[in-house]
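Undergrad:
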Amino acid sequence: MLQVNDIHTYYGESHALQGVSIELKAGETVCLLGRNGAGKSTTLKSIVGWTPARRGQILFNGKDITRLAPYQIARQGIGLVPEDRRVFASLTVKENLEVARYIRPGVQPKWSVERILDEYPMLAELANRDAGNLSGGQQQMLAVARSLMCEPELLLLDEPNEGLAPVIVKQIGALIDALRDTTTILFTDQSVHFALQHAERAYILEKGRVVHSATSQDLKDDVETHQRYLSVA
Ligand SMILES: Nc1ncnc2c1ncn2[C@@H]1O[C@H](COP(=O)(O)OP(=O)(O)OP(=O)(O)O)[C@@H](O)[C@H]1O
Ligand SMILES: [Mg+2]
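Residue numbering for the sequence shown is 5 to 237, as defined by my numbering.
(1) Ignoring anything shorter than 4 residues or poking outside the stretch 175-227, list the alpha helix (DSSP H) runs there in chain order.
(2) Report the residue from 183, 41 and 75 whose alpha carbon sits nearest the alpha carbon of residue 51.
(3) In terms of residue numbering, what span does the alpha helix (DSSP H) encompassing residue 146 cover?
(4) Between residue 215 and residue 233, how many whole angstroms is the CB-CB distance? I'm expecting something under 8 angstroms.
(5) Among all residues, which have a Cβ less than 7 angstroms from at least one non-hydrogen atom of ligand 2, and in what chain order do they fall?
(6) Does the distance between the C-beta of residue 140 and the nearest non-hydrogen atom of ligand 1 fall short of 8 angstroms?
(7) Where residue 161 and residue 132 are concerned, what is the direct C-alpha to C-alpha distance, given to the nearest angstrom?
(8) Between residue 53 and the rest of its own chain, which residues show a CB-CB distance below 7 angstroms, the 5 nearest in sequence each way excluded?
(9) Within the continuous beta strand (DSSP E) that includes residue 14, where are the two ends?
(10) Report all residues from its chain with a CB closer than 8 angstroms to the CB of residue 96; omit the five preceding and five following residues, and keep chain order.
(11) Exposed or buried, which one is residue 165 when buried takes at least 16 other CB atoms within 10 Å?
(12) When the Cα atoms are used, what is the spatial distance from residue 11 to residue 62?
(13) Closer than 8 angstroms by C-beta to residue 123: which residues in its own chain qualify, once you throw out the five before and the five after it? Chain order, please.
(14) At which residues does the beta strand (DSSP E) containing residue 25 begin and terminate?
(15) Flag residue 201 as yes when its Cβ comes closer than 8 angstroms to any non-hydrogen atom of ligand 1, and as no otherwise.
(16) Of the residues 13, 48 and 106, which one's Cα is nearest the Cα of residue 27?
(17) May I ask you to report which of helix, strand or coil DSSP gives residue 85?
(18) To the nearest angstrom, how far is the alpha carbon of residue 102 from that of residue 117?
(19) Is it the case that the Cβ atoms of residue 70 and residue 15 are separated by a distance below 9 angstroms?
(20) Check the C-beta distance from residue 159 over to residue 189 and give it rounded, since I have them as a contact under 8 angstroms.
(21) When you compare only the Cα positions, how much space is there between residue 8 and residue 142?
(22) Given that a residue counts as buried once 16 or more other Cβ atoms are within 10 Å of its Cβ, and exposed if not, what is residue 203?
(23) Quick one: does the C-beta of residue 18 sit closer than 8 angstroms to a heavy atom of ligand 1?
(24) Run the proximity test for residue 40: is its beta-carbon closer than 8 angstroms to any non-hydrogen atom belonging to ligand 1?
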């Protein structure tokens with residue numbers, strides 16, 4: 005479904021991604037691991053066109069999306085929940101969901117505001133609250149739910165657990181698990197624990213390169229790799 009072939013992405017003259025290749029099959033859940041500054045966010049932002057790759061190629065369902073504008077990439081069926089979540093603070097939870105609605109032509113819609121509020125009672129309780137007044141965890145749930153309003157085939161989640169309390173991390177994990185049945189997911193994390201629980205396999209990035217790729221099962225037994233490339237958290 006997604007093929008990222010040897011992409012190079014820059015911030016000005018700074019060479020952030022130095023040849024990243026990853027691949028996802030439809031239905032997979034994969035984690036991108038790596039320490040601070042490894043290039044996880046830049047990889048996701050390159051896929052959705054926020055920081056377009058200067059070299060290399062990105063194919064989605066066989067179509068070259070490398071040079072498309074972000075809105076065009078979103079319309080191909082790729083949704084990104086960025087690290088800073090970007091909910092609309094002055095809109096209510098329900099309004100945040102409503103304004104995000106976009107159904108690609110020819111796609112049978114799976115989601116609606118009603119279904120989301122039905123499946124996520126936590127959001128239903130907050131439906132009329134301004135998003136700016138929600139906790140970090142509640143905003144994260146909203147940001148993921150909002151991305152579903154575009155009916156994504158591929159969902160990219162950038163550090164969905166960052167800064168969240170363990171009890172919320174569990175809820176985010178449950179949310180990912182529930183979406184795994186119907187959506188292909190690529191998420192990022194700095195440490196290996198959450199990835200092992202919620203992804204089938206992982207890529208490890210360091211200094212803008214993929215340095216390791218393994219199934220969660222293999223990573224679990226490979227302490228040396230954890231210590232070399234990942235946070236100990
Ligand atoms: N807006 C920017 N301008 C300049 N350099 C940037 C910018 N954003 C990221 N970088 C640099 O690009 C490299 C990759 O950063 P990136 O944010 O992709 O890492 P990351 O793996 O997501 O890290 P973190 O775990 O801290 O989120 C780092 O060297 C970083 O300093
Ligand atoms: Mg990041």
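For each residue, glycine too, the CB sits at the ideal point set by N, CA and C.
TA: This is what the structure gives:
(1) 196-202 and 220-224
(2) 75
(3) 140-152
(4) 6 angstroms
(5) 44, 45, 87, 162, 163 and 192
(6) no
(7) 25 angstroms
(8) 72, 73, 74 and 77
(9) 6-15
(10) 131, 132, 133, 134 and 135
(11) buried
(12) 8 angstroms
(13) 182
(14) 18-28
(15) no
(16) 48
(17) strand
(18) 7 angstroms
(19) no
(20) 5 angstroms
(21) 32 angstroms
(22) buried
(23) yes
(24) yes
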